[in-house]
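Here the structure comes first, spelled out in C-alpha cells, and everything after it is commentary.
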C-alpha cells in the first residue's frame, strides 16, 4: 500500500447537483430521501421526476434511516485511487424501510439479511456517504470507516478561544478524547507553525459576554487573521493532509437578534467567511464545520440559557468524530436551528420577540 | 414507471420473412489500442465488404454500437468514413445491442427502407477508456455508484452474484464449470485473447476482485469489433452469400423493475413470444451464445429462457456440459470471458459466433449440429441492475 500522503485526499468521482439536497441533510447528520410532492413516493437515486406518478415537483424530506442488507461485497479493486489505497472496501445494497434500495458503505462484520441502520455522513470531498451498520449498533466510524470522521484521538489540534472557561473545557475534552497535542493559539500573534502542524483547528468565535454594553462584536477580525495565516500554512504542509476546521459561532450567525445588531453582524460575517471557504477546502479533503451555540447574555432573545462550556466542548468533539459539517451545541440552539432550517424568514421574525431592547444604536465601546 | 411487469397474452410479432443475416466478421481483439473507436468501425466495415464481395455503395444502412465513440456519433462517422447512407441507427443498449440492431435492421429491410445494413459493435480500449466510460455512463452511476468506492460493473455483479448464491445455493464450483468449458472452447478460437486452459484449482485460487467474484469471473476489457450484414434474402441469394434466417427475436427493457434484487431478467417476460415466433422450444436449441460478462448472468439466461426453472440454474450447470463436444455447447468461441470484452462489441460477439455456427463457418470449432442457435444479450448495468435484455433464434437458410 502507498503511504497515505501519496493518495488523493478526495474521491475521484463526484456526484452531480441532484445529490446536493442529500448532502445538505447528511452534513447535519440527517437522513433524507427525494419525495414526490404530489404522491409522497420516496425514491433513490435522485431523479428528474417521480417514477410512480411522473410529477416533477420533488423535495428532499426526512426518511427512516433503517432497512435490511440485501447483498454486500468486499471490493478488492477500485477505479478510484482514493479508495484503491484503502482496499478491501465493503459496500452493499440496503432495502430501505421507506421503499428504495440504496447502495451504501457497509460496516465490516454484517452479512446479507441483517437489519441495518443507515448513518448519514459525508465522504472526504463533502459528498453524501451513507454507512450501513448493525441495527441498534454503533461503528459507523470504526476501522476503515474512520475515513469519513474527524475524530480527535491521536490528532494534533490547534485551539483558539478568547474565553478562559470555554478554553479550559475544550482542552479537557480534547485531552480526554485522546488528542495527541493541543496548541493554544493567541488572538493577535499568529502561530504559523502550530497551525501548519495541526490536523484539526478549532476556532471559538463565540461572542464574549458583553451583556452590559451590548457593544461591538469583535470575533471577525481575529477569525480573518487566523484563516489568512492558516490556509497558506496548510497548503505548504507535507505528509498527511489536515482533516478539519471547526468554528464555534452563536445563533447570531444565523438570525440577527434585534437587541444585538453589532454582534449579529460580526457573527454572520464569521460564518459567511467559513461557508465561502467550505467548498475549496472540501476539494482538498478538509472538512469545514460549524457548531452553533446559544450565546451568553441573551437569554431573553433566545429563550434559553447560554451553552455550558462542558456541553459545548462535548458537542464539538462529537461533531468532529461524526465527520459532520453542522450541529447545535445546546437544546436552545437546536430549537432555533430547526426553525431556521424550516423557514429562515419566519425564524428571523420570531427571534427577539420576547426581548426588551434599547431604542437607539448601541454606544461604541472602547477597544479592549 | 414503477409497475408489476405484465404478462398478457403472448405477443405475436410478424415473422422476419425475406431477411438474411450474413457475413460474420471479427476485427481481431487487442488488449489495448492507441486507435479510436472509429478505426475499429472502419476495419469492421472493410471486413464486411471484403468478405461479401459487395461494392461499397451496396451497403445503404448502418447500425452501430460503441461506448468510446464520443464525441462522435454514427452520424458524424458517415462523413469521417465517406459513407452515403439511406438508413442509420445508433444503439446504446450495451450488450443487448446486437440482437436489437438485428431486429431494427430486419424490419427496415422488410419495409424497403434499406437493402443491405451493416451492423457493427466496435470499441477501443486505452488506459483511460474504462474510467471515462464509467464517468459518463449515467446519472445514477454518477450520483449513486461511482462515489461509493467506484466499483463499476464488477461491484454491481458481485452484489448480484452474492445474492443469487445466497438465494439459490449456487457455489463458486458451479460457476467454474461454465468458465472452464468456455476457456476450452476458446482454445480453438484464434481471435480469443485468453486461450490457455483454465483449471478448477486456478479458478478457485484466483485473486479476489469483488467478492464473491475473482479474476476468472470477470471479463477482460479490450479493443476490437464484431459485425454482420442484415439484407434482403433475394439479394443475398443473388450474390451467392451463405446466410441465416431469424426465426424469432425479442427485446425488453427494465422488466421486473420492482424486484428489490435483479435475480431475473426481461428474457422471462419475452421467452414465450420468442419460442412462439420460432415454433420451437428450449429442447430444440442446439447451442447457446449467452451474454457472459460474468457467469451468473449466463445462469440467469438459462433459467429465464426456459432451459430450467428459476433457482434450478446451479443444478442445471452440474448436469450439463457446455464445451464444444458437450450436450449444450455454450459460447462456442469462448465467450467474452475468454475472448475479451471489446466494449459494445461484447454484445455482437455471441451473435457473430452463432451466425458462423449456423452457416458452417466456425472452422475447427464447428458444431456437428448447429441448426438452431439461441443468441441472447444483456446490457447497460445501471445502479443495481441491467436494463436491457434481448434474444434471437437463428437458423441456417436450409434448416
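Residue numbers (the numbering used here), protein chains in the order written: chain A, 609 to 976; chain B, 774 to 1172.
All C-beta atoms, glycine included, are put in the ideal place defined by N, C-alpha and C.
These numbers come from a predicted model, not from an experiment.
Apart from sequence neighbours up to five positions away, the residues of its chain that approach residue 979(B) with a beta-carbon distance below 6 Å are 987, 988 and 989, ordered along the chain.
Residue burial annotation: residue 928(B) is buried, with at least 16 other C-beta atoms found within 10 angstroms of its C-beta. Only buried fits residue 814(A), as 16 or more other CB atoms lie within 10 angstroms of its CB. Inclusion of residue 852(A) and residue 778(A) in the CB contact set at 8 Å is not warranted, their separation being larger than that value. By a beta-carbon distance limit of 8 Å, residue 895(A) contacts residue 734(A). Their separation comes to about 7 Å.
Rounded to whole angstroms, the separation of the alpha carbons of residue 941(A) and residue 1072(B) is 57 Å. The Cβ-Cβ distance between residue 683(A) and residue 924(B) falls below 8 Å. At least 8 Å separates the CB of residue 880(B) from every CB of chain A. As computed with DSSP, residue 1139(B) is found in no beta bridge at all.
Residue 1089(B): member of the alpha helix (DSSP H) spanning 1086 to 1092, first to last residue. Against chain A, the CB of residue 913(B) has a partner CB under 8 Å away; the residue lies at that interface. Per DSSP, the continuous alpha helix (DSSP H) segment holding residue 950(B) begins and ends at 945 to 959.
Residues of the stretch 682 to 697 of chain A with a C-beta less than 7 Å from any C-beta of chain B: 682, 683, 684, 685, 686, 687, 688, 691 and 697, listed in chain order. For the options 797(A), 835(A) and 911(A), the alpha carbon positioned closest to that of residue 810(A) is the one of 835(A). Secondary structure note for residue 905(B): its alpha helix (DSSP H) is the uninterrupted segment 902 to 908. In the DSSP assignment, residue 1005(B) falls within the unbroken beta strand (DSSP E) covering 996 to 1005. Taking one beta carbon from each stretch, the stretch 908 to 922 of chain B and the stretch 1001 to 1017 of chain B have fewer than 3 pairs nearer than 8 Å; the two do not touch. Per the C-alpha coordinates, the member of 776(A), 765(A), 839(A) and 754(A) positioned closest to residue 932(A) is 754(A). In this structure, residue 834(B) places its C-beta atom within 8 Å of the C-beta atom of residue 889(B). Cβ-Cβ separation between residue 805(B) and residue 958(B): approximately 25 Å, too far for a contact (criterion under 8 Å).
Fully enclosed beta strand (DSSP E) runs of no fewer than 3 residues occupy 852 to 858 of the stretch 809 to 861 of chain A, in order along the chain.
With fewer than 16 other beta carbons inside 10 angstroms of its own, residue 1142(B) counts as exposed. Here the alpha carbons of residue 856(A) and residue 667(A) stand approximately 30 Å from one another. In this structure, residue 908(B) sits near residue 919(B), with a CB-CB distance shorter than 8 Å. In the three-state reduction of the DSSP assignment, residue 1104(B) falls in the coil class, being assigned neither a helical nor a strand state. Using beta-carbon distances, residue 809(A) does not count as an interface residue toward chain B, since no partner is under 8 Å. The bridge partners DSSP lists for residue 1162(B) are 1025(B) and 1151(B). Assigned with DSSP and collapsed to three states, residue 948(A) falls in helix. With a contact defined as Cβ atoms closer than 8 Å, residue 766(A) and residue 793(A) qualify at about 6 Å. Between the stretch 1086 to 1098 of chain B and the stretch 963 to 973 of chain B there are fewer than three inter-stretch CB-CB distances shorter than 8 Å, so the stretches are not counted as touching.
The stretch 852 to 927 of chain B is shown to contain whole beta strand (DSSP E) runs of 3 or more residues at 860 to 863 and 889 to 896, in chain order. With a threshold of 8 Å between beta carbons, residue 978(B) makes no contact with chain A. Within the DSSP secondary-structure output, residue 668(A) pairs in a beta bridge with 642(A). The beta-carbon separation of residue 863(B) and residue 1111(B), rounded to 28 Å, does not stay under the 8 Å limit for a contact. Under the Cβ criterion of 8 Å, residue 624(A) is counted among the residues facing chain B. Contact between the stretch 1000 to 1009 of chain B and the stretch 944 to 952 of chain A is absent: fewer than three C-beta pairs spanning the two stretches fall below 8 Å.
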